Structures are given as C-alpha cells and as structure tokens.
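Structure, as structure tokens:
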Amino acid sequence: MSNEGKTVGFTAMKDGTVEDYLIIKENDQKTAKELPSRLIEHLKEMEKDDGAYKINRLEHVLQCATRAMRDGAEDDWVVAALLHDIGDMLAPFTHGQVAAEILRPFVSEEVEWVVRHHGTFQMFYNKSLNEADRNLRERYTDHPYYQSAVDFCEKWDQCSFDPEFQSEKLEVFVPIINRVFSRSPFENK
Ligand SMILES: [Fe+2]
Ligand SMILES: [Fe+2]
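FYI, in our numbering the residues of the sequence shown are 3 to 191.
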C-alpha cells in the first residue's frame with residue numbers, strides 16, 4: 003500500500019514508529035528519483051551567476067560538457083563536465099567537493115576524484131598566484147588519476163570561458179543526466 007501524501011505522527015525522531023519510518027523511506031525514494039530534474043533546475047540557476055567572466059556560469063559548464071561530448075567522452079565525463087561547478091554558488095571555497103559528492107554514488111571513482119580536485123588543478127592557470135600555489139597539483143603527481151585531472155582542466159575547463167564558442171543547449175544533455183542519475187547508487191563501489 004502506498005504511503006503517498008501521508009505524514010509522520012512524531013515531532014521528535016525518537017518517538018517515531020516503524021510505520022513512520024516507512025513513510026519517510028518512501029518519500030526519500032521519490033525525492034531521489036527527482037534528482038535529475040532538480041540538478042537541471044539548479045544548472046538553470048547558474049545562468050544568473052555571471053561573475054567577472056565574459057560568460058555566465060551556465061554557459062561555462064555547457065562549454066565544458068560540449069567539449070567533452072565532442073571529444074567522444076563517456077557519459078560519466080560529460081556529466082562531470084556539466085556539473086563540476088554546481089556547488090559554486092553555495093560552497094565557494096569547496097565547490098569541487100560538493101560536486102564530487104553529488105556525483106559519487108553514480109560515477110566512477112576516477113571521475114569523482116577529478117571533479118573533487120579540479121579546483122587545485124585549475125590553480126595552475128592563475129597567474130596571480132605564487133609559484134607554489136600554482137603548482138599545488140604536483141602533490142598528486144604519483145596519483146593514478148593525476149593525468150586525467152590535468153587533461154580535464156586543460157582540454158575542457160580552463161578554456162571554456164569563450165563567448166564565441168557554440169555550445170550545445172542544456173536540453174541536449176538532459177538524456178545523459180537522466181542515464182547517469184538513474185543508475186543504482188553505489189553499484190560500482
Ligand atoms: Fe570549478
Ligand atoms: Fe569550471
């Protein structure tokens with residue numbers, strides 16, 4: 003029997019019954035199914051964030067994802083390119099970690115690692131930083147995913163601030179988002 007529309011009887015969790023927690027569980031599953039559409043809505047919000055770049059944040063991630071797709075990258079990488087900056091508006095100091103945690107249940111360990119660390123690898127391009135900070139990525143040279151992070155930033159991220167670039171529309175990526183986020187969470191872990 004469906005618990006749709008029902009609410010729990012408790013006001014403090016310690017007083018909840020098994021039935022209450024089954025209501026919560028069913029609701030959580032519904033919320034999880036809505037994740038792709040919530041991500042898409044959040045991406046649209048990024049259009050409002052134009053900072054000091056020549057293009058807004060949505061256009062930046064569309065460029066990244068378009069480059070990844072045109073390079074023939076797998077779904078995981080295209081979604082990573084599209085979502086790698088999604089935490090920027092709420093977590094300006096840890097946005098890579100936020101994006102990595104959103105992706106982690108659904109993508110490979112390598113893709114998650116690259117998204118998590120992309121901020122450090124992007125520092126290489128920032129000429130206002132001192133030499134040590136620009137080369138902070140070197141602390142990972144022995145890591146198996148080091149080169150993937152270098153390539154992600156060099157080929158897709160650092161170059162995607164170009165107002166002349168013809169990106170694919172967000173709608174083009176919707177089926178890819180749906181494919182990746184309809185996987186069973188943690189199935190590859
Ligand atoms: Fe970023
Ligand atoms: Fe970026």
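Glycine included, C-beta positions come from ideal geometry on N, C-alpha and C.
Given the structure is predicted, the values throughout are model-derived calculations rather than measurements.
Please report the residue range of the alpha helix (DSSP H) in which Y23 lies.
20 to 35 is the span of the alpha helix (DSSP H), which, as asked, contains Y23.
Taking all protein chains shown into account, decide if V194 is buried (16 or more other Cβ within 10 angstroms of its Cβ) or exposed.
Lying before the first or after the last residue shown, residue 194 is absent from the chain, which here runs from 3 to 191.
C155: which of E47, R40, H120, Y148 sits nearest, CA to CA?
Considering only alpha carbons, the answer is H120.
Could you tell me the alpha carbon to alpha carbon distance between Y192 and A75, rounded to whole angstroms?
Here the chain covers residues 3 to 191 and nothing more, so residue 192 does not appear.
Tell me the rounded alpha-carbon separation between G53 and Q31.
Here the C-alpha atom of G53 lies approximately 36 Å from the C-alpha atom of Q31.
Look at V63 and L45 and say whether their C-beta atoms are less than 8 Å apart.
Taking 8 Å as the Cβ cut-off, V63 and L45 qualify as a contacting pair.
Where does the unbroken alpha helix (DSSP H) through R118 begin, and where does it stop?
Bounds of the alpha helix (DSSP H) holding R118 are 111 to 124.
The alpha helix (DSSP H) enclosing R139, as first and last residue numbers:
Taken as a continuous stretch (DSSP letters only), R139 belongs to no alpha helix (DSSP H), as it is neither H nor E.
May I have all residues whose beta carbon comes closer than 5 Å to any heavy atom of ligand 2, sorted in chain order?
Ordered by chain, the residues meeting the criterion of a beta-carbon within less than 5 Å of a non-hydrogen atom of ligand 2 are D87, D159.
What do you get for V168, buried or exposed, if any count of 16 or more other CB atoms within 10 angstroms of its CB means buried?
Looking at the sequence itself, residue 168 is Gln, so the reference to Val does not match. Q168 comes out exposed.
Quick one: is T68 buried, meaning 16 or more other Cβ sit within 10 Å of its Cβ, or exposed?
Around the beta carbon of T68, a 10 Å sphere encloses 16 or more other beta carbons of the protein chains shown; the residue is thus reported as buried.
The alpha helix (DSSP H) enclosing Y62, as first and last residue numbers:
Checking the sequence shown, residue 62 turns out to be His, not Tyr. For H62, the enclosing alpha helix (DSSP H) begins and ends at 59 to 72.
Give me the Cα-Cα distance between R59 and K50, rounded to the nearest whole angstrom.
Distance between the alpha carbons of R59 and K50 is about 8 Å.
Check whether the Cβ of G98 lies closer than 7 Å to any heavy atom of ligand 1, and answer yes or no.
Yes; taking the cut-off as 7 Å, the Cβ of G98 has a heavy atom of ligand 1 nearer than that.
Whose C-beta lies closer than 6 Å to the C-beta of F93 among residues of the same chain, with five residues either side of it excluded?
Here residue 93 turns out to be Ala, not Phe, going by the sequence shown. V100.
Among the candidates P107, L85, V174, whose CA atom is the shortest distance from the CA of P187?
Of the residues P107, L85, V174, the one whose Cα lies closest to the Cα of P187 is P107.
Evaluate the contact criterion for the stretch 177 to 184 versus the stretch 139 to 154: three or more CB pairs, one atom per stretch, below 8 Å.
Three or more Cβ pairs closer than 8 Å define a contact, and the stretch 177 to 184 falls short of that threshold against the stretch 139 to 154.
To the nearest angstrom, report how far apart A83 and N132 are at their CA atoms.
If you draw a straight line from the Cα of A83 to the Cα of N132, it is about 27 Å long.
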